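Residue numbers (this note's numbering), protein chains in the order written: chain E, 1 to 93; chain B, 1 to 114; chain W, 1 to 97; chain P, 1 to 315. Remarks on the structure that follows.
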Amino acid sequence: MTEFLLATAGVILFTVAVGLVRILGGPGDADRLMAAQLIGTGGIASLLLIAVATGAHGVEDVALGLALLAAFASAAFVNSAAPAEAPDVADGR
Amino acid sequence: MTSATLAGLVGAALVGLGLYGLIANPQPLRKILAFNLMGSGIFLVFGIVARKGAAAGLQADPVPQAMVITGIVVAFAASALAVALVLRLFEDTGQATLNPDAWTKPPDGGAGAE
Amino acid sequence: MSLVVDLFSIVAIGAGVFFFVAGTVGLLRFPDALSRLHALTKADNLGLGLVVLGLLPRSESLLAALKLVAIWALVQLAGATAAQLVGRAVRRKGTAA
Amino acid sequence: MSVLQALDIGLAFLVFAVAAWTIFAPGAFAATVGYVVYGLLLSLVWIRLFAVDVALTEAAIGSGVTGVLLIGAAARLRAAETAGREKSLSGLSRLLVAVLCVLVALALAGVVLLLPDQGPSLAPQSMQHLPETGLGNPVTAVLIAYRAFDTMLEKVVLVLAVVGVWSLAADRYWGGAPGEARAQRPEPTLAFLAQILAPLGILVGIHVFWVGADAPGGAFQGGAILAAMWIIVMMARLTEAPQTKAFWLRLALVAGPVVFLAAGVAGAIFAGGFFAYPPGFAKPAILFIEAFMVLSIAVTLPMLVAGPPRREPRR
Numbered sequence: 001m002t003e004f005l006l007a008t009a010g011v012i013l014f015t016v017a018v019g020l021v022r023i024l025g026g027p028g029d030a031d032r033l034m035a036a037q038l039i040g041t042g043g044i045a046s047l048l049l050i051a052v053a054t055g056a057h058g059v060e061d062v063a064l065g066l067a068l069l070a071a072f073a074s075a076a077f078v079n080s081a082a083p084a085e086a087p088d089v090a091d092g093r
Numbered sequence: 001m002t003s004a005t006l007a008g009l010v011g012a013a014l015v016g017l018g019l020y021g022l023i024a025n026p027q028p029l030r031k032i033l034a035f036n037l038m039g040s041g042i043f044l045v046f047g048i049v050a051r052k053g054a055a056a057g058l059q060a061d062p063v064p065q066a067m068v069i070t071g072i073v074v075a076f077a078a079s080a081l082a083v084a085l086v087l088r089l090f091e092d093t094g095q096a097t098l099n100p101d102a103w104t105k106p107p108d109g110g111a112g113a114e
Numbered sequence: 001m002s003l004v005v006d007l008f009s010i011v012a013i014g015a016g017v018f019f020f021v022a023g024t025v026g027l028l029r030f031p032d033a034l035s036r037l038h039a040l041t042k043a044d045n046l047g048l049g050l051v052v053l054g055l056l057p058r059s060e061s062l063l064a065a066l067k068l069v070a071i072w073a074l075v076q077l078a079g080a081t082a083a084q085l086v087g088r089a090v091r092r093k094g095t096a097a
Numbered sequence: 001m002s003v004l005q006a007l008d009i010g011l012a013f014l015v016f017a018v019a020a021w022t023i024f025a026p027g028a029f030a031a032t033v034g035y036v037v038y039g040l041l042l043s044l045v046w047i048r049l050f051a052v053d054v055a056l057t058e059a060a061i062g063s064g065v066t067g068v069l070l071i072g073a074a075a076r077l078r079a080a081e082t083a084g085r086e087k088s089l090s091g092l093s094r095l096l097v098a099v100l101c102v103l104v105a106l107a108l109a110g111v112v113l114l115l116p117d118q119g120p121s122l123a124p125q126s127m128q129h130l131p132e133t134g135l136g137n138p139v140t141a142v143l144i145a146y147r148a149f150d151t152m153l154e155k156v157v158l159v160l161a162v163v164g165v166w167s168l169a170a171d172r173y174w175g176g177a178p179g180e181a182r183a184q185r186p187e188p189t190l191a192f193l194a195q196i197l198a199p200l201g202i203l204v205g206i207h208v209f210w211v212g213a214d215a216p217g218g219a220f221q222g223g224a225i226l227a228a229m230w231i232i233v234m235m236a237r238l239t240e241a242p243q244t245k246a247f248w249l250r251l252a253l254v255a256g257p258v259v260f261l262a263a264g265v266a267g268a269i270f271a272g273g274f275f276a277y278p279p280g281f282a283k284p285a286i287l288f289i290e291a292f293m294v295l296s297i298a299v300t301l302p303m304l305v306a307g308p309p310r311r312e313p314r315r
């Protein structure tokens, strides 16, 4: 069973890696932000699988912290990019 | 090769990568990224010292772990100060470059009309 | 009993992996940012949900199990809102350009 | 074992590849997103080293809060991506730098390979005195008891960083609030996210702090999660950033180090040593100090992310 959990963690990490190759390169910022989202879900899944397989304790809290912060990259981007991009602000000056 | 040694080798490689980025990347923000990368590489090398100090029923020596935790927080504080400096430079000159020749050009309005 | 639990875990986690793979395939194949966003945030969240489901019977305590469910719920929330935020940014850029 | 080894090698390769991306990516924004991904992968590596406390710190601060800081900066500096204005290194010096860095990395790798399998360890001593602190988590014991002085000074560093950031403000803004001068419309999706996330996150943050006495967690990690919640509430414009001259804010910033230092001095008077805790009373004292540290961290990190004051102070 341990091997199965580790192998699935490996497969998920591999799909994350393939996805990263595709989206980190862009073309747009949206694609790149998806990378943060992708590693959020895939990373948490493999984190939990590895923790159960290797018997590391207290890992749920690490995953919980990561899950809480999963949307922060996108939020920070929207927050900082909005004033420069929104047409009404750009034209208003 | 144990997983600890492997992690240590990754740490060594990260230090090399970070050092290269710190020297070769001209943009200040990229330098901050590279510096953080280098720092985390050092933390990892220290982390395997912790892992190799597993004893007394613990899976890793707690003293290096505590120091790495302290280090991560201090690295964040330093990054925040550095980012604030870069943003201030950008506000004053309209550029975010360490090349003083570029500062003399008039701000191109990138910062808005502050 | 443990065989049943193992079987349950294998089926659920295996299905979860399938959705992760499906999400990545969507990421690779879909032509524009919005549909890639769709593939990513739907399939991967389902995949994580199934992995969590498969790990539930193995958790050490009720609190740990509750945390696992909370993790999934939070990632669901993050995926949904991030998709909204990024999607809107894409659209705004599209009309402004 | 072999599956685990394969997984470790795969993970190591992935970490290295993402790190290389953050260095060599064509644009600053792409590099920054790469750094966020890298931070999350690092917490996986820390789990593999069985350093769960560090993994939690890396997840909350290294990836989460640093990610907000750097992505915010990268998005704002977008207008300043000055291709051609930079003094780039010539090809030859680039090569020399690369050689130097490879040598440094190789030397470090050599040190790593030469390490003995069973290194020197302070783990036995840490465990031996653990009952005296009343704690169950040796990492917390190192942070707040054995090496308390380090941790206290580190809190001082955080305060100094805030002073440094604030002092970058223009004179007329001194004492005012950080953030953009113009009130922006709140993004409804972001407000929705913050409204649900913040209560849950506050719960998790306090939980992480509380279990830190006996399990992975502690003041840094719990405080960082609380800080992240304040950051998301401010980003969603559900609340304004406070004026930097506000007395409560300044009090909260220094509460952690001040209480810590006071406890250290009290130890010198009552327990026979600077930062010594009275026997039998160690755990309550530690939790008391930690509670103020959580408060200070939860206030300091958002102030560092928010940056210098950008508005004139209101009366």
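Backbone N, C-alpha and C fix where the C-beta goes; we use that ideal spot for every residue, glycine too. For clarity, every value in this text was computed on a predicted model and none was experimentally measured.
For residue i: DSSP bridge partner residues
{"i": "P309 of chain P", "result": "P:P178"}
Interface flag, residue i vs chain P, CB-CB below 8 Å
{"i": "Q84 of chain W", "result": "yes"}
{"i": "G16 of chain B", "result": "yes"}
{"i": "V59 of chain E", "result": "yes"}
{"i": "A30 of chain E", "result": "no"}
{"i": "T41 of chain W", "result": "no"}
{"i": "F90 of chain B", "result": "yes"}
{"i": "A45 of chain E", "result": "no"}
{"i": "G19 of chain E", "result": "no"}
{"i": "L77 of chain W", "result": "yes"}
{"i": "F76 of chain B", "result": "yes"}
{"i": "V78 of chain E", "result": "yes"}
C-beta neighbour in chain E for residue i, strict 8 Å
{"i": "R310 of chain P", "result": "no"}
{"i": "L37 of chain W", "result": "yes"}
{"i": "I144 of chain P", "result": "no"}
{"i": "W21 of chain P", "result": "yes"}
{"i": "A298 of chain P", "result": "no"}
{"i": "F30 of chain W", "result": "no"}
{"i": "A30 of chain P", "result": "yes"}
Residue-chain proximity (residue i, chain W), Cβ-Cβ < 8 Å
{"i": "T2 of chain E", "result": "no"}
{"i": "T189 of chain P", "result": "yes"}
{"i": "R182 of chain P", "result": "In this prediction, R182 of chain P scores a pLDDT of 49, lower than 50, which makes its location untrustworthy; the coordinate-derived value is nonetheless stated afterwards. Output row for R182 of chain P: interface = no."}
{"i": "T8 of chain E", "result": "yes"}
{"i": "G42 of chain E", "result": "yes"}
{"i": "I12 of chain E", "result": "yes"}
{"i": "L24 of chain E", "result": "no"}
{"i": "A56 of chain E", "result": "no"}
Local Cβ density within 10 Å of residue i, reported as buried at 16 or more and exposed below that
{"i": "E60 of chain W", "result": "exposed"}
{"i": "S90 of chain P", "result": "exposed"}
{"i": "V33 of chain P", "result": "buried"}
{"i": "R30 of chain B", "result": "buried"}
{"i": "L40 of chain P", "result": "buried"}
{"i": "R51 of chain B", "result": "buried"}
{"i": "I196 of chain P", "result": "exposed"}
{"i": "S79 of chain B", "result": "buried"}
{"i": "P120 of chain P", "result": "exposed"}
{"i": "S46 of chain E", "result": "buried"}
{"i": "Q118 of chain P", "result": "exposed"}
{"i": "T94 of chain E", "result": "Lying outside 1 to 93, the shown extent of chain E, residue 94 of chain E is not represented and no answer is given."}
{"i": "R311 of chain P", "result": "buried"}
{"i": "A268 of chain P", "result": "exposed"}
{"i": "Q128 of chain P", "result": "exposed"}
CB contact check: residue i to chain B, cutoff 8 Å
{"i": "A255 of chain P", "result": "no"}
{"i": "F322 of chain P", "result": "Because chain P in this structure spans residues 1 to 315, residue 322 of chain P falls outside the shown range and cannot be described."}
{"i": "V68 of chain P", "result": "no"}
Exercise. Between the segment 45 to 60 of chain B and chain P, which residues of the former have CB atoms less than 9 Å from a CB of the latter, in chain order?
Worked result: V45, G47, I48, V49, A50, R51, K52, G53, A54, A55, A56, G57, L58, Q59 and A60
For this session: Anything in the segment 110 to 141 of chain P with a Cβ closer than 9 Å to a Cβ of chain B? List those residues in chain order, please.
Result: G110, V111, V112, L113, L115, P116, D117, Q118, G119, P120, S121, L122, A123, P124, Q125, S126, M127, Q128, N137, P138, V139, T140 and A141
Exercise. At which residue ranges does the segment 23 to 83 of chain P contain complete alpha helix (DSSP H) runs of 4 or more residues, listed in the order of the chain?
Worked result: 28 to 48, 52 to 57 and 66 to 76
For this session: Taking a Cβ distance cut-off of 9 Å, strictly less, list which residues of the segment 214 to 231 of chain P are near chain E, in chain order.
Result: A215, P216, G217, Q221, A224, I225, A228, M229 and I231
Exercise. If contact means a Cβ-Cβ distance below 8 Å, which residues of the segment 36 to 62 of chain P contact chain E?
Worked result: V36, V37, L40, L41, S43, L44, I47, R48, F50, V52, A55, L56, A59 and A60
Exercise. Relative to chain W, which residues along the segment 190 to 202 of chain P have a C-beta separation below 8 Å, given in chain order?
Worked result: L190, F192, L193, I196, L197 and L200
Problem set entry | Unbroken stretches of the alpha helix (DSSP H), 4 residues or longer, contained in the segment 52 to 92 of chain B | none
Exercise. Where are the alpha helix (DSSP H) runs, 4 residues long or more, that stay fully inside the segment 182 to 239 of chain P, in chain order?
Worked result: 188 to 211 and 219 to 235
For this session: Identify each residue in the segment 237 to 263 of chain P for which the Cβ-Cβ distance to at least one residue of chain B is less than 8 Å, and report them in chain order.
Result: none
For this session: Could you name each continuous alpha helix (DSSP H) segment of 4 residues or more that falls completely within the segment 21 to 54 of chain W, going from the start of the chain to the end?
Result: none
Problem set entry | Unbroken stretches of the alpha helix (DSSP H), 4 residues or longer, contained in the segment 36 to 76 of chain E | 59 to 68
For this session: Can you give me, in chain order, the residues of the segment 12 to 24 of chain W that have a beta carbon less than 8 Å from any beta carbon in chain E?
Result: I13, G14, G16, V17, F20, V21, G23 and T24
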